[in-house]
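Asks:
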DNA sequence: AGTTGATCATGA
DNA sequence: TCATGATCAACT
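In my numbering, the protein residues as written are 2 to 225.
1. Give the range of the alpha helix (DSSP H) segment to which residue 18 is assigned.
2. Have a look at residue 165 and residue 76 and give me their C-alpha separation to the nearest angstrom.
3. Does DSSP put residue 204 in a helix, a strand or coil?
4. Residue 133: which of 20, 119, 90, 31 sits nearest, CA to CA?
5. Touch check for the segment 110-124 and the segment 66-75: three-plus C-beta pairs under 8 Å?
6. Use the C-beta contact count for residue 91: other C-beta atoms within 10 angstroms, 16 or more gives buried, fewer gives exposed.
7. Pull up the CB-CB distance for residue 79 and residue 216, whole angstroms please, since I reckon it's below 8 Å.
8. How about residue 58 and residue 8: do their beta carbons lie closer than 7 Å?
9. Does the beta-carbon of residue 47 have 16 or more other beta-carbons within 10 angstroms, so that it is buried, or is it exposed?
10. Looking only at its own chain, which residues have a Cβ that is under 6 Å from the Cβ of residue 223, when we skip the five neighbours before and after it?
11. Smallest Cα separation from residue 189: which of 206, 161, 181, 200?
12. Using the DSSP secondary-structure output, state which residues sit across from residue 180 in a beta bridge.
13. Quick check on residue 128: buried or exposed, where buried means 16 or more other Cβ atoms within 10 Å of its Cβ?
14. Measuring only the C-alpha atoms, how far is residue 197 from residue 99?
15. According to DSSP, which residues form a beta bridge with residue 74?
16. Taking DSSP as the reference, what is the three-state secondary structure of residue 223?
17. Taking only runs that begin and end inside the segment 98-128, name each unbroken alpha helix (DSSP H) of 4 or more residues, in chain order.
18. What do you get for residue 221, buried or exposed, if any count of 16 or more other CB atoms within 10 angstroms of its CB means buried?
19. What three-state label does DSSP hand residue 146 in the structure shown?
20. Could you spell out where the alpha helix (DSSP H) holding residue 172 opens and where it closes?
21. CA-CA distance, residue 87 and residue 81?
In C-alpha cells:
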C-alpha cells in the first residue's frame, strides 16, 4: 500500500470520505492508493474489501472486531448487478462450534458485527473487468427491529443444532436469512465441534453468511 | 489453526 | 441459471 489513509476521527469524516469515492471505478481508486487491480478475483478474492479498508482508513490488522472500532462501525463491500441486486451472499463472522454455553443473541458475534454497517455496493458483474467496476453510493445501516428478529431466529436455530451436536446435519439450506457455510482454506481444514452425545468431533470450520434476500432488502430500503 | 477480506466453480 | 460447498490470500 502506498497510501493508507488515517483513521477517520468521527462519523462525519468517515461518511464524507465514503461519499467521495462514490462513482469511481476500482481502477481509479486503486490508482489513488498506488496499487494494481487484479485482472480477476480468482485468487485475490478479498481484494476489493481490502482496497476499501485502505482508502477509508479502517484500523488495519485489528481483527475480530469492527473495522472502525472507535465508531462501532463494520465495513462491508457488496457486489451488485445493474439493477442493484446482490450477486453474492455476505460473510459475517466465523462460527465457534464449541464453548458456546452462555452465548446468547444479545452478546454474540453476529449481532455485534451487524450493529452498524457501512455498506459499499460495487458493480460486481463478472463480464466487467475489475478495474472498470464502479463504486455505488455507500450508506450506513443498522438492523431494524424486524431484521434483528429475523437474524435472531435463524441464529438461535443454528446455534441450537450446534449445541445439540448436530453440526454435521446443518447445510446452507438452514436459515431463512442467515446461513452457515464452510469457511476455510480448503476442505482439509478441521476444527473442534460438538458431536453426537456431546463428544468432540472434527469438522470443517464454518462461518455465518447473510443470504441475498436479506441484503437485497437492505439495499432496497436504502435507495427507496 | 483461527479469523479477516471475500468470490469461485460445479452440481442440480 | 443459481446457491451451496469449496477455495484463495494475508495476517496473527
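Note that the Cβ used here is the ideal one computed from N, Cα and C, for glycine as well.
Replies: If we stick to the structure as given:
1. Mapped onto the first chain, residue 18 falls at position 17. 12-22 is the span of the alpha helix (DSSP H), which, as asked, contains residue 18.
2. Locating residue 165 in the first chain gives position 164, counting from the first residue. Locating residue 76 in the first chain gives position 75, counting from the first residue. Their backbone Cα atoms lie some 33 Å apart in a straight line.
3. In the first chain, residue 204 corresponds to position 203, counting from 1. In the structure shown, residue 204 sits in a strand (DSSP, three-state: E or B).
4. Indexing the first chain from 1 puts residue 133 at position 132. It is 31 whose Cα lies nearest to the Cα of residue 133.
5. yes
6. Against the first chain, residue 91 aligns to sequence position 90. The Cβ neighbour count for residue 91, taken over all protein chains shown within 10 Å, is at least 16; the residue is labelled buried.
7. The residue you call residue 79 lines up with position 78 of the first chain. The residue you call residue 216 lines up with position 215 of the first chain. About 6 Å; that satisfies the 8 Å criterion.
8. Mapped onto the first chain, residue 58 falls at position 57. Mapped onto the first chain, residue 8 falls at position 7. Contact: yes.
9. Taking the first residue of the first chain as position 1, residue 47 is located at position 46. Exposed, by the Cβ-count rule.
10. Translated into positions along the first chain, residue 223 becomes position 222. 140.
11. Translated into positions along the first chain, residue 189 becomes position 188. Among 206, 161, 181, 200, the Cα nearest to that of residue 189 belongs to 206.
12. Looking up residue 180 in the first chain gives position 179. In DSSP, residue 180 forms a bridge with 210.
13. Looking up residue 128 in the first chain gives position 127. By the neighbour-count definition (other C-beta atoms within 10 Å, threshold 16), residue 128 is an exposed residue.
14. Taking the first chain and counting its residues from 1, the one referred to as residue 197 is at position 196. Taking the first chain and counting its residues from 1, the one referred to as residue 99 is at position 98. Each residue's alpha carbon lies about 13 Å from the other.
15. In the first chain, counting from the first residue as 1, residue 74 sits at position 73. Beta-bridge pairing links residue 74 to 69.
16. For the purposes of this step, residue 223 is identified with residue 222 of the first chain, where counting begins at 1. In the structure shown, residue 223 sits in a helix (DSSP, three-state: H, G or I).
17. Inside the segment 98-128, DSSP marks whole alpha helix (DSSP H) runs of 4 or more residues at positions 110-114, from first to last along the chain.
18. For the purposes of this step, residue 221 is identified with residue 220 of the first chain, where counting begins at 1. So residue 221 ends up on the exposed side.
19. Position 145 of the first chain, counted from the first residue, corresponds to residue 146. DSSP places residue 146 within a helical segment (H, G or I) once states are collapsed to three.
20. As a first step, residue 172 is located in the first chain; it is residue number 171 there, counting from the start. Where residue 172 is concerned, there is no enclosing alpha helix (DSSP H), given that its DSSP letter is neither H nor E.
21. The residue given as residue 87 occupies position 86 in the first chain. The residue given as residue 81 occupies position 80 in the first chain. The alpha-carbon atoms of residue 87 and residue 81 are separated by roughly 4 Å.
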